[in-house]
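Participant: This structure is in structure tokens; I'll ask about it shortly.
Chains as they are written, first to last, in our numbering: chain A, 1 to 38; chain B, 1001 to 1259.
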């Protein structure tokens, strides 16, 4: 019978680390408003 | 390893702005009603590669109406965008373009324009006059009175109405009607028109001379009418492909006097 193996806590931190200084890109659309928003 | 697909274009990237400018020039160049529109915002852009140096671009644009009539020779860059308090009109456009070897061309364009809501305008400016329907009786009366008044005073060509561009009615602190309308010069002088106005026809396209008038009629407490018309002089006529459908607007047939 299959039992769900408990993932050792330490391993959870083995995921690919984000590079230092990673900044998610701002959404590229919609663009900036040039006059005013209606 | 296959080359990674190019990063998706951002809406403010120079390439997107160039495509949007091409689209706005196309829209203004292929309309002969109303006013020129200026870019307010690139809402979305999608690029579909078609092969080396060949891509289809889909743009979603927010435009804003300017104060320049569509037939005005004023460059778009010099056209002031109508402010919020003047009851702005927005254009929503979907445009399909193609870019081949760096050259952008418009394949198709569909636009819809709509005025800002009265509530929004009054939030910013409680007493600002609001846009009126262009077949409002008061508006038609003011346009007719203004054009007749101008034709009686002018020593130049007799002018006929092409279309009413916009009109607003104010009730406080005075009751006033503001109207803007496009006109065309006819083959009559004002004197000849007095004798037989039915014979006065708009000049043929190769001699056309369009213009634009603004009129203000204060109706209360005392009646006062001010009219100002500017003729553009002869220019190459715009192609007749009206694109910006203008909701709730009726256009007088060229040369038809308002009555």
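We put the CB at the ideal spot given by N, CA and C, even for glycine.
Just to confirm the assignment: which complete beta strand (DSSP E) runs, minimum length 3, are found wholly within the segment 1135-1182 of chain B?
Facilitator: Entirely contained in the segment 1135-1182 of chain B, the beta strand (DSSP E) runs reaching 3 residues are, in chain order, 1157-1170.
Participant: Quick one: using the 10 Å Cβ neighbour count with 16 as the cut-off for buried, is residue 1137 of chain B buried or exposed?
Facilitator: Classification of residue 1137 of chain B: exposed, given that the 10 Å Cβ count is below 16.
Participant: Answer yes or no: does any C-beta atom of chain A fall closer than 8 Å to that of residue 1043 of chain B?
Facilitator: yes
Participant: Determine whether the Cβ of residue 1048 of chain B lies closer than 8 Å to any Cβ atom of chain A.
Facilitator: no
Participant: Taking Cβ-Cβ distances below 7 Å as the criterion, which residues of the segment 1072-1084 of chain B are in contact with chain A?
Facilitator: Against chain A - using a Cβ distance shorter than 7 Å - the residues of the segment 1072-1084 of chain B are 1081 and 1084.
Participant: How about the segment 1086-1095 of chain B and the segment 1053-1070 of chain B: do they share at least three Cβ pairs that are nearer than 8 Å?
Facilitator: yes
Participant: If you drop the 5 nearest sequence neighbours on each side, which residues of the same chain put their C-beta closer than 6 Å to that of residue 1177 of chain B?
Facilitator: 1138, 1142, 1169 and 1217
Participant: Specify the secondary structure class of residue 1238 of chain B as computed by DSSP and reduced to three states.
Facilitator: Note that residue 1238 of chain B has pLDDT 47, beneath the 50 cutoff, so the model's placement of it is unreliable and the number below is only indicative. Coil, per DSSP.
Participant: Note down the Cα distance separating residue 1104 of chain B from residue 31 of chain A, rounded to an integer number of angstroms.
Facilitator: 20 Å
Participant: So, does the CB of residue 1090 of chain B fall closer than 8 Å to a CB anywhere in chain A?
Facilitator: yes
Participant: How about residue 1066 of chain B and residue 1082 of chain B: are their beta carbons less than 8 Å apart?
Facilitator: Yes. Within cutoff.
Participant: Can you find a C-beta in chain A that's less than 8 Å from the C-beta of residue 1008 of chain B?
Facilitator: yes
Participant: Suppose contacts are defined by Cβ-Cβ distances below 8 Å. Is residue 1109 of chain B in contact with residue 1035 of chain B by that definition?
Facilitator: no
Participant: In terms of DSSP beta bridges, what is residue 1305 of chain B paired with?
Facilitator: Nothing can be reported for residue 1305 of chain B, as the shown portion of chain B is limited to 1001 through 1259.
Participant: As a quick exercise: from B:1159, B:1204, B:1181 and B:1173, pick the residue whose alpha carbon is nearest that of residue 1192 of chain B.
Facilitator: B:1159
Participant: Excluding the five sequence neighbours on either side, which residues of its own chain have a C-beta within less than 7 Å of the C-beta of residue 1150 of chain B, listed in chain order?
Facilitator: If you ignore the 5 residues before and after residue 1150 of chain B, its C-beta comes within less than 7 Å of the C-beta of 1159, 1213, 1227 and 1229, all in its own chain and listed in chain order.
Participant: For a contact defined as C-beta to C-beta under 8 Å, what are the partners of residue 1053 of chain B on chain D?
Facilitator: In the structure shown, chain D cannot be found, because the protein chains are A and B.
Participant: Report yes or no: is there a C-beta of chain B within less than 8 Å of the C-beta of residue 13 of chain A?
Facilitator: Low per-residue confidence applies at residue 13 of chain A: pLDDT is 49, beneath 50, and the placement is therefore not dependable enough to give any value.
Participant: Along the chain, where does the beta strand (DSSP E) that runs through residue 1055 of chain B open and close?
Facilitator: Its beta strand (DSSP E) spans residues 1054-1069.
Participant: Considering only the beta carbon of each residue, do residue 1053 of chain B and residue 1101 of chain B sit closer than 8 Å?
Facilitator: Contact check for residue 1053 of chain B against residue 1101 of chain B passes: the beta carbons are separated by less than 8 Å.
Participant: Rounded to whole angstroms, how far is the Cβ of residue 1167 of chain B from the Cβ of residue 1182 of chain B, which I believe are closer than 8 Å?
Facilitator: No, residue 1167 of chain B and residue 1182 of chain B are not in contact; Cβ-Cβ is about 13 Å, not under 8 Å.
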